[in-house]
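**Q**
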Ligand code: SF4
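Residue numbers (the numbering used here): 174 to 481.
What follows is the structure, encoded as structure tokens:
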């Protein structure tokens with residue numbers, strides 16, 4: 174397969190399965206300069222939406238990719254920057270959907286959700302994964318270091334409005350950083366904010382992969398545990414290491430105990446079983462589908478399991 178400019182992957186992900194990335198803007202073009210960003214400091218800092226690349230060029234490349242392969246579970250508009258900065262985002266999402274039946278997701282820092290046009294465009298996506306790293310302007314300045322004019326309150330109001338109007342799957346993500354937003358007071362502040370939002374899942378993350386900047390540390394296990402319990406979220410680390418409740422010996426019962434606390438999609442169940450070296454993964458999944466205590470939700474071909 175030839176070299177692509179806009180299409181990359183698919184990258185295996187325990188949350189999204191095989192995720193085929195679409196990068197609609199030049200590297201490190203962002204309205205944030207997060208301290209945990211793996212790309213380093215943002216050199217193309219902007220908050221002005223523009224058409225970086227022509228929609229038709231991106232779609233042509235996607236079409237060329239599809240000729241050779243359909244081995245992916247989801248298309249993710251992500252890029253190495255902030256995709257809502259693309260003024261052709263809505264058009265791009267719809268164009269991708271016309272070319273594939275797989276769900277189209279957008280990963281965003283959420284800064285531009287204060288813009289009604291951005292909210293409307295994102296409504297076309299099958300899944301939206303916005304971040305919420307701060308609970309006030311001061312914390313936003315410490316972690317996300319947003320472009321000058323961006324106000325946390327406006328951003329958050331935009332997120333509230335969006336979560337209420339959006340009909341697709343919404344997965345929120347909070348990045349917890351040691352010593353900045355991981356103490357009890359911070360977690361309780363997040364809890365207050367979350368009450369105002371409508372979302373399907375909450376993922377809690379911490380910079381486990383080394384960020385480009387020094388002094389950015391992972392949160393302690395104790396703080397992550399408090400956050401998981403207080404906010405009802407899922408730790409991404411737990412998802413990727415498959416370390417949920419491993420003290421339960423029986424594999425089937427172990428999965429049931431996890432989905433009793435929060436839903437898991439087919440990729441997460443599969444990853445969890447893999448981490449336990451389970452050979453009959455498919456059988457277990459089939460058993461789950463038949464289990465009257467388990468509800469199976471099919472969203473655009475991706476199954477999510479939860480206890481009834
Ligand atoms: S929003 Fe994403 S791309 Fe932008 S600085 Fe933060 S981590 Fe990096």
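Positions of the beta carbon are idealized from the N, C-alpha and C atoms, including for glycine.
Looking at the structure shown, is residue 305 part of a helix, part of a strand, or coil, going by DSSP?
**A** coil
**Q** Sort out for me which residues DSSP pairs residue 223 with in a bridge.
**A** 259
**Q** Run through DSSP, which three-state label would residue 201 get?
**A** coil
**Q** Is there contact here, the region 322-342 with the region 367-382, by at least three beta-carbon pairs under 8 Å?
**A** Yes, they touch.
**Q** Answer with buried or exposed for residue 355, where buried requires no fewer than 16 other C-beta atoms within 10 angstroms of its C-beta.
**A** Of the residues assessed, residue 355 falls on the buried side of the cut-off, its CB having 16 or more other CB atoms within 10 angstroms.
**Q** Do you know whose CA, among 291, 360 and 342, lies nearest residue 220's CA?
**A** 291
**Q** In its own chain, which residues sit with a C-beta less than 6 Å from the C-beta of residue 260, not counting the 5 before and 5 after it?
**A** Hits under 6 Å: 222, 223 and 224.
**Q** Just the C-alpha distance for residue 442 and residue 322, rounded to the nearest angstrom, thanks.
**A** 42 Å
**Q** Using only the alpha-carbon positions, how far apart do residue 248 and residue 255 sit?
**A** 16 Å
**Q** Only counting the same chain, and skipping five residues up and downstream in sequence, which positions put a Cβ closer than 7 Å to that of residue 480?
**A** Excluding sequence neighbours, residue 480 sits near 429, 432, 433, 466 and 467.
**Q** Does DSSP put residue 334 in a helix, a strand or coil?
**A** helix
**Q** If you measure from the CB of residue 257, is any heavy atom of the ligand SF4 nearer than 7 Å?
**A** no
**Q** Would you check if there are 3 or more beta carbon pairs closer than 8 Å linking the region 231-246 to the region 190-203?
**A** Because the criterion of three Cβ pairs below 8 Å is met, the region 231-246 and the region 190-203 touch.
**Q** In its own chain, which residues sit with a C-beta less than 6 Å from the C-beta of residue 366, not counting the 5 before and 5 after it?
**A** 308
**Q** CB of residue 336 to nearest heavy atom of the ligand SF4: below 7 Å?
**A** no
**Q** In the DSSP assignment, the alpha helix (DSSP H) including residue 194 goes from what residue to what residue?
**A** Where residue 194 is concerned, there is no enclosing alpha helix (DSSP H), although the beta strand (DSSP E) it sits in stretches over 190-195.
**Q** Taking the C-alpha atoms as reference points, what is the distance between residue 205 and residue 310?
**A** 13 Å
**Q** To the nearest angstrom, how far is the alpha carbon of residue 250 from that of residue 269?
**A** 10 Å
**Q** Below 7 Å, is the gap between the Cβ of residue 123 and the nearest heavy atom of the ligand SF4?
**A** Outside the shown range of the chain, which is 174 to 481, sits residue 123, and nothing can be said about it.
**Q** Provide the residue span of the beta strand (DSSP E) that contains residue 378, from first to last.
**A** 374-378
**Q** DSSP three-state call for residue 182: helix, strand or coil?
**A** strand
**Q** According to DSSP, is residue 356 helix, strand or coil?
**A** coil
**Q** For residue 280 and residue 302, which I take to be in contact (beta-carbon distance under 8 Å), what is that distance rounded to the nearest angstrom?
**A** About 5 Å separates the two Cβ atoms, so the contact holds.
**Q** Is the beta carbon of residue 320 within less than 7 Å of some heavy atom of the ligand SF4?
**A** no
**Q** So the candidates are 182, 359 and 474; which of them puts its Cα closest to the Cα of residue 239?
**A** 182
**Q** Beta carbon of residue 215: closer than 7 Å to some heavy atom of the ligand SF4?
**A** yes
**Q** Given residue 435, which residues of its chain have a CB within under 6 Å of its CB, disregarding the five upstream and five downstream residues?
**A** 407
**Q** Quick check: does the Cβ of residue 267 come within less than 7 Å of any heavy atom belonging to the ligand SF4?
**A** no
**Q** Based on Cα-Cα distance, which residue from 202, 363, 258 and 274 lies nearest to residue 472?
**A** 274
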